[in-house]
Amino acid sequence: MCGEGDEAQDDCGSREEWTLLFWTSVAVVVPVIITLWCSAQRSKRKSHMKDFFRKSKHGWHYTDLFNKPTYCCVCSQHILQGAFCDCCGVCADEQCLRRADRSLSCKEIMAPSSPEGAMEHRWVRGNVPLASYCAVCKQQCGTQPKLCDFRCVWCQTTVHDDCMESLTDGDVCDLGEFHNLIIPPHYLYRVNKLRRRHPDEYSKLGSSCGSGWTPVLVLANTRSGNNMGEVLLGEFRTLLNPVQVFDLSQLTPSKALQLCTLLPPGSVQVLVCGGDGTVGWVLDAIDAMKLKGQDQFIPRVTILPLGTGNDLSNTLGWGAGYAGEIPVEQVLRNILDAEVVKMDRWKVQVASKGVYFRKPKVLSMNNYFSVGPDALMALSFHAHREKTPSFFSSRIINKAVYFLYGTRDCLVQECKDLDKRIELELDGERVKLPSLEGIIVCNIGYWGGGCRLWEGMGDEPCPPTRLDDGLLEVVGVFGSFHCAQIQVKLANPVRLGQAHTVRLVLKSSTMPMQVDGEPWAQGPCTITITHKTQAFMLYHSAEQTDDDDDETSASETESPTPHDSPRAPGPAYARA
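Numbering-wise (UniProt numbering), the sequence shown opens with residue 1 and increments by one.
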C-alpha cells in the first residue's frame with residue numbers, strides 16, 4: 001500500500017514537471033514564432049511598398065513615426081506612421097496611400113507656363129511647416145489640430161483656408177526666396193521644345209528667368225560621414241525642382257552634370273554634399289566635361305561638408321562639418337552670397353619601380369598628398385571601415401578611431417627612418433631631409449581635420465598661401481606624436497619648401513601613402529606631382545570656425561583685406 005502511494009506521488013510529480021516544461025516551452029517558442037511571423041510580414045510589406053514607391057510619380061518615403069503632428073491628406077485623420085512625399089509634402093497613412101498616389105499630383109519638373117507667361121501656385125493642403133505665416137492676414141498657419149491651411153510647393157507661400165478666397169487672380173507664383181536657384185518647370189518645357197539645341201538658345205530662355213538666375217544642382221553622397229545625405233536630399237527636393245537634386249549612390253556625377261549642358265553657359269552652381277573624396281569625384285567629372293569640349297558649361301562648385309576631415313570645405317569657408325545646425329534655407333542663402341575663386345588641381349603620377357610595361361597610376365589631388373604616419377592612420381581606418389561600414393556612421397566615432405590608430409603608431413613607429421628610404425626634389429633640386437617619419441605635400445591651407453599646417457604658430461609663423469598660385473607647400477613631420485602636437489598648436493612642422501613640381505623617390509620597402517584621404521600601401525616607386533588644371537569654387541567669407549577667432553582678429557588688425565584672411569586665398573609666398 002505504501003509502495004503504491006509513493007509510485008502515485010512520483011507519477012503525479014513527473015506529470016507536473018512535464019506540464020511545467022511544456023508551458024515554459026510554449027511561453028518561449030510562441031513569442032519567437034510571432035516575432036518571426038511579424039518580421040516576415042513586415043519584410044513582405046516593405047518589399048511591396050518599395051515596388052510601389054519605385055513606380056510612383058511621388059517621392060514617397062515610409063516612416064514608423066512622424067516627428068511632428070501629421071494628418072493624412074486623403075482622410076484628414078491624425079497619423080503616427082505612414083508615407084510622405086519629400087518633393088511636394090503630401091502625407092498619407094498606409095490605407096490611403098494608393099488613393100493619394102492617384103488623386104494628388106506631385107511637383108511637375110517640366111510643365112508649360114500660362115499664356116501670359118506667369119506660373120500658377122501649386123497648392124497642397126495641410127501639414128504646413130512650423131512657424132509659417134499666412135500671406136494674406138500675416139497670422140500663423142497650421143495652429144489647429146487638424147488638416148488645415150495650404151502651402152505652395154514651389155514658392156513655399158502658406159495661406160489659411162479662410163484666406164484662400166482673398167487671393168487675387170493676379171497673385172502668381174514667383175518661386176519664392178530662392179527663385180534665382182530654382183530651375184522653373186517652364187524652362188525645361190521650352191528646352192524640350194527647342195528644334196536647335198545651342199547655348200545661345202539656352203541663354204535666351206534663361207533671360208526669362210531673371211538677370212541673376214544661377215541655378216544650383218545638388219549632388220549628395222548618402223554614404224558620407226554622418227549619414228545625413230538622405231535627409232538633405234529630401235529637404236532640397238522640397239525647396240528646389242526635384243530634377244536638380246541627385247543621389248550619388250544611384251547616379252554618377254558625370255551623368256548628373258549633363259544637366260549643365262541644358263542650362264545657360266556659365267550660370268550653373270553645384271552644391272556637393274559629402275566629404276573631400278566626394279568633392280574630388282565631382283571635380284574629376286567636371287574635368288571630363290572639358291575633355292568632351294563642354295568648357296562653356298563648366299559649373300562653379302560649393303560644398304556642404306558631411307565627411308570626417310572636410311579640410312577643403314574649411315579652406316573655402318564652409319566650415320569643418322555640417323550636422324544640421326543651420327537649416328538648408330540658410331545654406332542656400334550662403335550660396336547666393338558666395339564669391340567665385342580659382343583653385344589649383346594637381347596630377348599625382350605613381351610609377352612603380354621595376355614595372356616597365358604597366359602604365360603609371362595617375363590620381364587627381366585637391367588637398368594634399370602624404371607618405372608616413374598620417375597616411376598609415378588613414379590606411380588602417382579605411383581597412384576597418386570597409387569591413388564594418390555600419391560602425392563608422394558618426395563623425396565623432398571616426399575621429400576617435402583615428403586617435404586610437406595615432407596612439408598606436410606613437411608606440412610602434414612603423415614609418416621611422418623615412419629620410420633614409422626616400423628622396424625629395426622640389427622643382428628639380430634635391431632637398432636634404434632631416435630624420436623624418438612623414439612628408440606632406442599641401443595645396444590648401446588646412447590639413448588633418450582643421451589644422452593650418454604651413455602657417456604654423458609661435459615665433460615661426462608664415463603668411464597664408466593662395467589656392468591659385470600654382471605652388472605646393474611641402475612639410476615634414478617627426479611622427480604621430482609630432483602630428484598631434486601640430487594639431488593642438490604645440491609645435492610647427494618642418495617646412496621643406498614650396499615648388500611647382502614635386503618629385504619623391506621611394507627607394508626601398510613599402511610605405512603607406514594617401515591622396516585626399518584615399519590611402520594605399522606602395523612599394524618602391526617614383527611619385528611626380530605636377531599642375532593639372534584649375535577649378536572654379538565658391539568661397540564663403542562669413543563663416544568662421546571656433547579655433548580661428550583669435551588668429552583672424554589679429555590678422556584683421558594688421559590688414560582688413562579679405563585675401564589676408566588665413567582661410568582666404570592669400571598672397572603667394574616665395575619658395576622657402
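The beta-carbon is built from N, C-alpha and C at its ideal position, and this holds for glycine as well.
Item to complete: Identify whether Ala288 lies in helix, strand or coil by the three-state DSSP scheme.
Response: Here Ala288 sits in helix by DSSP.
Fill in: Buried or exposed (CB count within 10 angstroms, at least 16 for buried), Ile527
By the neighbour-count definition (other C-beta atoms within 10 Å, threshold 16), Ile527 is a buried residue.
Item to complete: Evaluate contact between the stretch 95-106 and the stretch 70-86, counting only Cβ atoms and requiring at least three cross-stretch pairs below 8 Å.
Response: Touching, per the Cβ criterion.
Practice prompt. Using alpha carbons as the reference points, say which of Val272, Ser267, Pro264 lies closest to Ala256.
Written response: When Val272, Ser267, Pro264 are compared, the shortest CA-CA separation from Ala256 is found for Val272.
Worksheet item: Counting Cβ pairs closer than 8 Å, one from the stretch 244-263 and one from the stretch 210-218, do we hit at least three?
Response: The stretch 244-263, when compared against the stretch 210-218, does touch it at the 8 Å Cβ threshold.
Discussion item. Along the chain, where does the alpha helix (DSSP H) containing Val328 start, and where does it finish?
Written reply: Membership of Val328 in the alpha helix (DSSP H) is indicated by the continuous run 328-337.
Worksheet item: When DSSP labels each residue in this structure, what does Thr302 get in the three-state scheme?
Response: Strand at Thr302.
Worksheet item: Thinking C-alpha only, which one of Met537, Lys55, Val475 is nearest Arg495?
Response: Answer by Cα proximity: Val475.
Fill in: Which of helix, strand or coil DSSP assigns to Thr158
DSSP places Thr158 in the strand class (E or B) of the three-state scheme.
Discussion item. When you compare the CB of Cys273 with every CB in chain B, is at least one pair closer than 8 Å?
Written reply: Absence of chain B from the displayed structure is noted, only one protein chain being present.
Worksheet item: Quick one: Cα of Asp546 to Cα of Asn314, how far?
Response: In this prediction, Asp546 has a pLDDT of 41, which is less than 50 and means its spatial position is unreliable; nothing more can be read from the coordinates.
Practice prompt. With DSSP as the reference, label Asp101 as helix, strand or coil.
Written response: If DSSP states are grouped into helix, strand and coil, Asp101 belongs with the helices.
Worksheet entry | For Leu239, three-class secondary structure by DSSP | Leu239 falls in the helix class under three-state DSSP.
Discussion item. Tell me the residue span of the beta strand (DSSP E) that contains Gln487.
Written reply: Per DSSP, Gln487 lies in no beta strand (DSSP E) segment; the continuous alpha helix (DSSP H) that holds it begins and ends at 480-487.
Practice prompt. Would you tell me roughly how many angstroms separate the C-alpha atoms of Thr168 and Glu120, rounded to the nearest one?
Written response: In a straight line, the C-alpha of Thr168 is about 12 Å away from that of Glu120.
Fill in: Same chain, Cβ closer than 8 Å to Val32, neighbours up to 5 away in sequence not counted
Counting only Cβ-Cβ distances below 8 Å, and skipping sequence neighbours, we find nothing.
Worksheet item: alpha helix (DSSP H) containing Ala499: first to last residue?
Response: Segment 494-499 is the beta strand (DSSP E) holding Ala499; no alpha helix (DSSP H) there.
Worksheet item: For the 8 Å Cβ check, are there 3 or more pairs between the stretch 472-487 and the stretch 365-382?
Response: Yes, the stretch 472-487 touches the stretch 365-382.
Worksheet item: Does the Cβ-Cβ distance between Phe536 and Val340 come in under 8 Å?
Response: With respect to Val340, Phe536 sits close: the two C-beta atoms are nearer than 8 Å.
Discussion item. I'd like to know whether the C-beta atoms of Ala338 and Leu538 end up nearer to each other than 8 Å.
Written reply: By the CB criterion at 8 Å, Ala338 and Leu538 fall inside the cutoff.
Worksheet entry | Alpha-carbon spacing of Asp417 relative to Glu425, whole angstroms | Distance between the alpha carbons of Asp417 and Glu425 is about 18 Å.
Worksheet entry | Whole-angstrom C-beta distance between Gly450 and Ala320, which should lie under 8 Å | Their Cβ separation, rounded to whole angstroms, is 5 Å, which keeps Ala320 and Gly450 in contact under 8 Å.
Worksheet item: Going by C-alpha distance, which of Val355, Val348, Ala378 is nearest Met365?
Response: Nearest of Val355, Val348, Ala378 to Met365, Cα basis: Val348.
Worksheet item: Between Leu332 and Thr222, what straight-line distance do the alpha-carbon atoms span, to the nearest angstrom?
Response: Between Leu332 and Thr222, the C-alpha separation is close to 19 Å.
Worksheet item: The beta strand (DSSP E) with Ser207 in it runs from where to where?
Response: Ser207 -> not in any beta strand (DSSP E); alpha helix (DSSP H) instead, spanning 199-207.
Practice prompt. Express the C-alpha separation of Ile303 and Tyr322 in angstroms, rounding to a whole number.
Written response: About 10 Å.
Worksheet item: What does a CB cutoff of less than 7 Å around Trp60 pick up in its chain, not counting 5 residues either side in sequence?
Response: Cβ within range, chain order: Phe53, Ala83, Cys85.
Worksheet item: Near Ser509, what residues of its chain come up, given a Cβ to Cβ distance below 7 Å and the 5 sequence neighbours on each side ignored?
Response: Excluding residues within five positions, the ones whose Cβ falls inside 7 Å are Arg421.
Worksheet item: Between Asn241 and Asp311, is the Cβ-Cβ spacing less than 8 Å?
Response: No. Outside cutoff.
Worksheet item: Under a three-way DSSP split, which group does Thr261 fall into?
Response: Looking at Thr261 - three-state DSSP - the assignment turns out to be helix.
Worksheet entry | Cβ neighbours of Tyr133 in the same chain (closer than 6 Å, five flanking residues each side left out) | These residues qualify, in order along the chain: Gln140.
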